[in-house]
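Visitor:
2 protein chains.
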Amino acid sequence: MFKKLDPLLHSELRLAVMSVLVNCEEADFVYLRESTGATAGNLSVQIEKLSAAGYISVEKSFKGKKPHTKCRITTTGFKAFEEYIEALKTYFNR
Amino acid sequence: MFKKLDPLLHSELRLAVMSVLVNCEEADFVYLRESTGATAGNLSVQIEKLSAAGYISVEKSFKGKKPHTKCRITTTGFKAFEEYIEALKTYFNR
DNA sequence: TAAACAAGTTTATAAAATAAACCAAATATT
DNA sequence: AATATTTGGTTTATTTTATAAACTTGTTTA
Chain A
27 MFKKLDPLLH
37 SELRLAVMSV
47 LVNCEEADFV
57 YLRESTGATA
67 GNLSVQIEKL
77 SAAGYISVEK
87 SFKGKKPHTK
97 CRITTTGFKA
107 FEEYIEALKT
117 YFNR
Chain B
27 MFKKLDPLLH
37 SELRLAVMSV
47 LVNCEEADFV
57 YLRESTGATA
67 GNLSVQIEKL
77 SAAGYISVEK
87 SFKGKKPHTK
97 CRITTTGFKA
107 FEEYIEALKT
117 YFNR
């Protein structure tokens with residue numbers, strides 16, 4: 027009847043991050059913070075969770091002399107996102 | 027950019043309960059438990075939260091000699107449900 | 001009469017979400 | 001030059017949540 031909602035995606039901020047990454051292929055920490063409106067601390071934690079799950083890849087480097095964190099969605103993450111949408115539909119298409 | 031997701035609805039079980047009630051106008055505890063697959067304890071807690079928020083009304087009585095809990099969605103709840111859908115869309119607009 | 005069942009509720013605990021505090025380096029200010 | 005502020009984060013602490021387990025109250029069944 028109702029499909030289970032992936033707990034990793036069923037979180038406001040993580041969903042927002044994934045939503046950005048689905049549409050832009052690559053986004054850095056600052057862009058994600060600004061586009062989601064999240065605090066840096068919260069974003070840092072949620073990026074780590076998505077990364078640990080293999081839903082996004084994270085690349086840390088230096089841009090000039092400042093740290094720079096680039097994120098992109100993985101194929102696993104993309105699939106999970108699509109499945110989450112399918113699952114959500116079972117709560118509405120009736 | 028992203029609309030805030032009503033925390034009362036952004037919960038798997040509460041969303042399932044609301045989803046049932048949107049479509050059937052009245053449902054009792056047992057029916058909700060069976061149709062959502064939830065445990066009674068969890069359902070009891072979440073029904074109480076939805077009720078406290080004014081999203082559903084709860085009517086307790088006896089059916090024969092057994093307790094009987096009837097739930098229905100309120101207009102407030104219905105509005106909140108629709109707004110939740112609208113908010114969700116901002117995470118998927120493509 | 002005791003065991004099992006029904007319909008819930010209460011309580012305990014693990015997991016999440018989030019903000020606050022922190023850090024190291026760079027840049028701006030006095 | 002010394003101090004303050006900003007940048008780009010991370011770590012820690014705290015409050016909420018979600019959830020299952022245990023419990024309650026009463027009923028039916030063996």
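Protein chains in written order, with our numbering: chain A, 27 to 120; chain B, 27 to 120.
Think of the CB as a built atom: it goes at the ideal place given N, C-alpha and C, for glycine as much as any other residue.
Note that the coordinates shown come from a computational prediction; the quantities given were computed from them, not determined experimentally.
Check K30 of chain A in the structure and name its three-state DSSP category.
Guide: Numbered from its first residue, the first sequence carries residue 30 of chain A at position 4. K30 of chain A: coil per DSSP, three-state reduction.
Visitor: Give the single residue among A:K105, A:A79, A:R98 and A:R40 whose Cα lies nearest to the Cα of G63 of chain A.
Guide: The residue labelled residue 63 of chain A in the question sits at position 37 within the first sequence. Checked all of A:K105, A:A79, A:R98 and A:R40; the closest Cα to G63 of chain A is A:R40.
Visitor: Of all the residues that make up the segment 53-69 of chain B, which are near chain A by a beta-carbon distance shorter than 9 angstroms?
Guide: Those residues of the segment 53-69 of chain B that come within reach of chain A (Cβ to Cβ, closer than 9 angstroms) are S61, T62 and G63.
Visitor: For A42 of chain A, which residues in chain B fall below 7 angstroms Cβ to Cβ?
Guide: What you label residue 42 of chain A is simply residue 16 of the first sequence in a count that begins at 1. F28 and Y117, listed in chain order.
Visitor: Identify every residue that forms a DSSP beta bridge with I82 of chain A.
Guide: To locate residue 82 of chain A, count along the first sequence from 1; it is residue 56. Bridge partners of I82 of chain A: A:I99.
Visitor: Regarding P33 of chain A and the ligand ADP, is the C-beta to nearest heavy atom distance less than 8 angstroms?
Guide: As presented, the structure is devoid of all ligands, the ligand ADP included, so that no description of it is given.
Visitor: For V56 of chain B, does the count of other Cβ atoms within 10 angstroms reach 16, so buried, or fall short, so exposed?
Guide: To locate residue 56 of chain B, count along the second sequence from 1; it is residue 30. By the neighbour-count rule (16 or more Cβ atoms within 10 Å), V56 of chain B is not buried but exposed.
Visitor: Looking at T102 of chain A and A79 of chain A, is the spacing between their C-beta atoms short of 9 angstroms?
Guide: The residue labelled residue 79 of chain A in the question sits at position 53 within the first sequence. The residue labelled residue 102 of chain A in the question sits at position 76 within the first sequence. Yes, these two residues count as a Cβ contact at 9 angstroms.
Visitor: Taking 9 angstroms as the cut-off, decide whether the C-beta atoms of K96 of chain A and E60 of chain A are in contact.
Guide: One-based indexing of the first sequence puts residue 96 of chain A at position 70. One-based indexing of the first sequence puts residue 60 of chain A at position 34. Not a contact, by the Cβ cut-off of 9 angstroms.
Visitor: Spell out whether any CB of chain B is found under 9 angstroms from the CB atom of H94 of chain A.
Guide: For the purposes of this step, residue 94 of chain A is taken as the residue at position 68 of the first sequence. Output row for H94 of chain A: interface = no.
Visitor: Let me make sure I understand the geometry here. Which of A:F107, A:G67, A:K92 and A:E85 has the alpha-carbon closest to that of P33 of chain A?
Guide: Locating residue 33 of chain A in the first sequence gives position 7, counting from the first residue. Minimum Cα distance to P33 of chain A is reached at A:F107.
Visitor: Going by Cα to Cα distance, which pick from B:S77, B:G67 and B:K30 is closest to L47 of chain B?
Guide: Here residue 47 of chain B refers to the residue found at position 21 when the second sequence is read from its first residue. The candidate whose alpha carbon is nearest that of L47 of chain B is B:S77.
Visitor: Find out if the Cβ-Cβ distance for the pair A42 of chain A, F28 of chain B is shorter than 9 angstroms.
Guide: Locating residue 42 of chain A in the first sequence gives position 16, where the first residue counts as 1. Locating residue 28 of chain B in the second sequence gives position 2, where the first residue counts as 1. Yes; because the gap between Cβ atoms is below 9 angstroms, this pair is in contact.
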